[in-house]
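There are 2 protein chains.
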Amino acid sequence: MGTGDAATRAEKRARLAHPIETGALVGARWSPYGFDPRPLPAAELRSLLEAARWSPSSYNEQPWRLVAARREDGEPFERLLGCLVEFNQSWARHASALVLGVVVRRFAGRDADNPAAEHDLGLATAHLMLEATARGLSTHAMIGIDAGRARAAFAIPDGFDPLTAIAIGYAGTPGDQPDKLRDRDAAPRDRKPLAEFVFGGEWGRPAPCLED
Amino acid sequence: MGTGDAATRAEKRARLAHPIETGALVGARWSPYGFDPRPLPAAELRSLLEAARWSPSSYNEQPWRLVAARREDGEPFERLLGCLVEFNQSWARHASALVLGVVVRRFAGRDADNPAAEHDLGLATAHLMLEATARGLSTHAMIGIDAGRARAAFAIPDGFDPLTAIAIGYAGTPGDQPDKLRDRDAAPRDRKPLAEFVFGGEWGRPAPCLED
């Protein structure tokens with residue numbers, strides 16, 4: 001376990017086109033498939049959750065609920081693992097903790113859907129991930145869960161919708177890691193250039209601020 | 213403009229229940245209604261967009277498109293401002309830049325909706341916001357836009373759905389700021405305790421990791 005981590009991490013640094021101040025977080029963060037199943041101290045997990053807690057949200061609704069289990073919790077960890085689609089179970093079982101991301105579909109104070117609910121879970125998840133990076137931990141978020149199974153497994157009431165899971169732990173290379181996943185973990189990170197997704201006055205045309 | 217910023221910023225620090233390493237970002241970030249309409253250098257805006265660019269996304273789809281306009285862009289800035297609901301226009305007009313957040317509803321490579329699209333726009337937006345905080349800039353994201361007006365204003369094709377807007381600039385206190393918004397900007401930030409939203413094996417019961 002853990003061999004080659006340093007090389008992998010160096011190769012996974014974002015190849016920045018523009019300078020960022022958050023390079024140690026945004027530039028260093030990546031989503032491994034390989035985890036080394038070391039115990040994660042509860043205090044570490046609390047700090048990640050605390051960072052998520054201070055995320056902004058529309059009307060400060062905080063439209064998220066999380067189900068968190070560490071490997072040493074035993075049965076709840078296995079139960080949460082069982083809510084992932086099969087492929088995600090295959091690698092996430094090495095994570096030190098799993099978090100289920102659940103959106104609160106309706107506003108607390110009025111009879112209407114909250115159109116920001118999924119978006120705001122994303123905001124909170126990014127906070128959690130960057131706090132993890134700051135602590136030398138790795139995260140891998142998944143949309144690949146079985147929402148029905150999660151609802152049944154944790155008796156999640158109507159109006160609360162399981163949407164994501166987050167694997168949290170220590171990046172590593174499990175001895176039984178399939179070559180395909182090892183290759184993915186070793187591959188450089190890749191993103192579209194800004195000019196392909198930041199437009200200005202005309203849809204599809206790069207924003208003027210990209211060229212000033 | 214800008215009087216009282218220092219006091220406000222100090223009061224707005226998150227009152228942490230658990231230590232976080234990202235305190236200078238997550239702990240310092242807040243969403244002002246008051247902005248001082250100073251010009252935002254294009255290079256600063258590019259750095260914010262670059263941080264968003266390196267956000268994770270499901271299948272690395274990067275299911276976001278952004279429309280970005282700075283105040284000095286003139287007409288496109290006014291056009292983007294006009295896509296906000298009226299209340300948001302009233303304060304966001306003082307921002308130095310506006311960004312429209314658009315989700316890509318379908319997967320690029322297959323004929324299916326991307327269930328992570330809105331969530332992943334949230335991830336990218338959090339990156340942008342924290343990069344802004346690192347640079348002494350403020351952001352305020354809104355779900356309160358008129359999506360139909362945005363689609364018409366920027367000829368946004370089917371399959372791309374305007375969801376959010378982000379005001380970016382310098383926190384301040386405009387001379388004409390309504391008392392109600394001034395009070396909101398001066399109020400401490402408030403969040404639910406972890407025990408109210410982080411559950412363990414049983415829905416509604418705090419996770420064991422909160423108490424270890």
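These protein sequence lines map, in sequence, to chains A and B.
Mind the numbering: the first sequence is residues 1 to 212 in our numbering, read in order.
Mind the numbering: the second sequence is residues 213 to 424 in our numbering, read in order.
Here a beta-carbon is modelled for each residue, glycine too, at the ideal position from N, C-alpha and C.
Report buried or exposed for B:F289, applying the criterion of at least 16 other Cβ atoms within 10 angstroms of its Cβ. Indexing the second sequence from 1 puts residue 289 of chain B at position 77. Its Cβ being crowded by 16 or more others within 10 Å, B:F289 is buried.
*asked:* Quick check on the burial criterion: 16 or more other C-beta atoms within 10 angstroms. Buried or exposed for A:D113?
replied: Within the first sequence, residue 113 of chain A is the residue found at index 113, counting from 1. So A:D113 ends up on the exposed side.
Neighbourhood of A:P208 by C-beta distance below 6 Å, restricted to the same chain and skipping five residues each side: Looking up residue 208 of chain A in the first sequence gives position 208. Excluding residues within five positions, the ones whose Cβ falls inside 6 Å are G200.
For this session: Have a look at B:G214 and B:G381 and give me their C-alpha separation to the nearest angstrom.
Result: As a first step, residue 214 of chain B is located in the second sequence; it is residue number 2 there, counting from the start. As a first step, residue 381 of chain B is located in the second sequence; it is residue number 169 there, counting from the start. Reliability of the predicted coordinates at B:G214 is poor, the pLDDT of 43 falling under 50, and no value is obtained from them.
task = Could you tell me the boundaries of the beta strand (DSSP E) in which A:S138 lies?
result = Counted from its first residue, the first sequence places residue 138 of chain A at position 138. Looking at the DSSP string, the run of the beta strand (DSSP E) that includes A:S138 is 138-142.
Inspect the CB distances between the segment 231-240 of chain B and the segment 364-384 of chain B and report whether three or more fall short of 8 Å. no
Put A:Y59 into one of helix, strand or coil per three-state DSSP. For the purposes of this step, residue 59 of chain A is identified with residue 59 of the first sequence, where counting begins at 1. In the structure shown, A:Y59 sits in a helix (DSSP, three-state: H, G or I).
Rounded to a whole number of angstroms, what is the C-alpha to C-alpha distance between B:G216 and B:P249?
-> Taking the first residue of the second sequence as position 1, residue 216 of chain B is located at position 4. Taking the first residue of the second sequence as position 1, residue 249 of chain B is located at position 37. Its pLDDT being 46, under 50, B:G216 is placed unreliably by the model, and the measurement read from it follows with that caveat. Distance between the alpha carbons of B:G216 and B:P249 is about 16 Å.
Margin query: Between which two residues does the beta strand (DSSP E) holding A:A69 run?
Written below: Along the first sequence, read from residue 1 onward, the residue named residue 69 of chain A stands at position 69. Note, A:A69: beta strand (DSSP E), 64-70.
Checklist line | CB-CB length for B:R403 against A:W54, believed under 8 Å | finding: Locating residue 403 of chain B in the second sequence gives position 191, where the first residue counts as 1. Locating residue 54 of chain A in the first sequence gives position 54, where the first residue counts as 1. With 8 Å as the limit, B:R403 and A:W54 qualify as a contact, their Cβ atoms being about 6 Å apart.
Query raised in the report: Can you name the residues of chain B whose CB is closer than 8 Å to the CB of A:F199?
Result: Position 199 of the first sequence, counted from the start, is the residue given in the question as residue 199 of chain A. By Cβ distance, chain B contributes R277, L278, V279, A280, F366.
Inset, instruction - Run through the segment 91-159 of chain A for me and flag every whole alpha helix (DSSP H) of 4 or more residues, listed as ranges in chain order. - result: 117-134, 147-153
By alpha-carbon positions, which one of A:R105, A:L45, A:T133, A:N60 ends up nearest to A:P162? Here residue 162 of chain A corresponds to residue number 162 of the first sequence, with the count starting at 1. Nearest option by C-alpha distance: A:R105.
Can you check whether the C-beta of B:R403 is within less than 9 Å of a C-beta belonging to chain A? For this step, residue 403 of chain B is matched to residue 191 along the second sequence. Chain A contact via Cβ: present.
For the alpha helix (DSSP H) containing B:L237, name the first residue and the last one. Position 25 of the second sequence, counted from the first residue, corresponds to residue 237 of chain B. Element bounds for B:L237: n/a, residue is neither H nor E.
Is it buried or exposed for B:N300, if we count other Cβ within 10 angstroms and need 16 for buried? For the purposes of this step, residue 300 of chain B is taken as the residue at position 88 of the second sequence. So B:N300 counts as buried.
I need the DSSP call for A:G2, collapsed to helix, strand or coil. Walking along the first sequence from the start, residue 2 of chain A turns up at place 2. Note that A:G2 scores a pLDDT of 43, beneath 50, so its modelled location is shaky; the value from the coordinates is reported in the next line. Correct three-state label for A:G2: coil.
Please tell me whether B:F372 and B:R291 are closer than 9 Å, where the distance is taken between their beta carbons. Here residue 372 of chain B refers to the residue found at position 160 of the second sequence. Here residue 291 of chain B refers to the residue found at position 79 of the second sequence. No.
With distance defined between alpha-carbon atoms, name the residue in B:A320, B:F319, B:C295 nearest to B:V311. Sequence index remark: in the second sequence, residue 311 of chain B carries index 99 (1-based). If we check each option's Cα against that of B:V311, B:C295 comes out closest.
Contacts around B:R347, its chain only, beta-carbon distance under 8 Å, and the 5 residues preceding and following it disregarded:
Along the second sequence, one-based indexing puts residue 347 of chain B at 135. Same-chain partners within the cutoff: E256, S259, L260.
Q: Along the alpha helix (DSSP H) that carries A:L80, what are the first and last residues, could you check?
A: Residue 80 of chain A sits at position 80 when you count from the first residue of the first sequence. Start and end: 75-81.
Against chain A, with Cβ distances strictly below 9 Å, would B:A307 count as a contact? Here residue 307 of chain B refers to the residue found at position 95 of the second sequence. Taking Cβ atoms only, chain A never reaches closer than 9 Å to B:A307, which makes this a no.
Practice problem: Identify which residue in B:R417, B:V410, B:D395 has its Cα closest to the Cα of B:E499. | Solution: Examination of residue 499 of chain B is not possible in this model, given that chain B is present from 213 through 424 alone.
In chain A, which residues lie with their C-beta within 9 Å of the C-beta of B:W303? Along the second sequence, one-based indexing puts residue 303 of chain B at 91. Within chain A, no residue comes near B:W303; the closest Cβ sits about 15 Å away, beyond 9 Å.
Discussion item. Going by DSSP, what residue range makes up the alpha helix (DSSP H) through A:K180?
Written reply: Indexing the first sequence from 1 puts residue 180 of chain A at position 180. It spans 179-186 - the alpha helix (DSSP H) in which A:K180 sits, taken as one unbroken run.
Open item on the list: On the CB-based measure, 16 or more other CB atoms within 10 Å of its CB, does A:R110 come out buried or exposed?
Closed with: On the first sequence, position 110 is the one that residue 110 of chain A refers to. By the 10 Å Cβ count, A:R110 comes out exposed.
- Query: Does the beta-carbon of B:A407 have 16 or more other beta-carbons within 10 angstroms, so that it is buried, or is it exposed?
  - Reply: What you label residue 407 of chain B is simply residue 195 of the second sequence in a count that begins at 1. Label assigned to B:A407: exposed.
Going by DSSP in three states, B:P231 sits in which element: helix, strand or coil? Against the second sequence, residue 231 of chain B aligns to sequence position 19. DSSP places B:P231 in coil when its eight states are reduced to three.
*Contacting positions in the segment 285-302 of chain B - beta carbon closer than 8 Å to chain A*: So the close ones are D285, E287, P288, R291.
Check: Can you find a C-beta in chain B that's less than 9 Å from the C-beta of A:T173?
Finding: What you label residue 173 of chain A is simply residue 173 of the first sequence in a count that begins at 1. Put simply, the CB of A:T173 is far from chain B, with every gap to its CB atoms at 9 Å or more.
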